[in-house]
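Residue numbers (my numbering): -15 to 49. For reference, the structure discussed in these notes is given below.
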Ligand SMILES: [Zn+2]
């Protein structure tokens, strides 16, 4: 007489860890606040990224030739 109660789970978009979709998971679909911030931070970083010149390792060029 057991009710088959299969919890709905989703995969954390950041680390793909299974997260139970319930009120207990405050950060769903993320597994934790950390993963949520990471995900938000990624798109934020995309906008904030400055297309500046990256310093080439010029000091090592002598060995390259
Ligand atoms: Zn996660």
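Yeah, the Cβ is synthetic: ideal placement off N, Cα and C, and Gly gets one too. None of the values given here were measured: they were computed from a predicted structure.
* Within the structure, which residues are defined as neighbours of ligand 1 by a Cβ-heavy atom distance below 6 Å, reported in chain order? -> Selection output, chain order preserved: -4, -2, -1, 1, 14, 15, 16, 19.
* Between residue -5 and the rest of its own chain, which residues show a CB-CB distance below 8 Å, the 5 nearest in sequence each way excluded? -> 1, 2, 3, 13
* **Which residues DSSP lists as bridging residue -7, in chain order** => 4
* **C-beta atoms of residue -10 and residue 5 nearer than 8 Å** => With respect to the 8 Å criterion, residue -10 and residue 5 are not classified as neighbours on the basis of their beta carbons.
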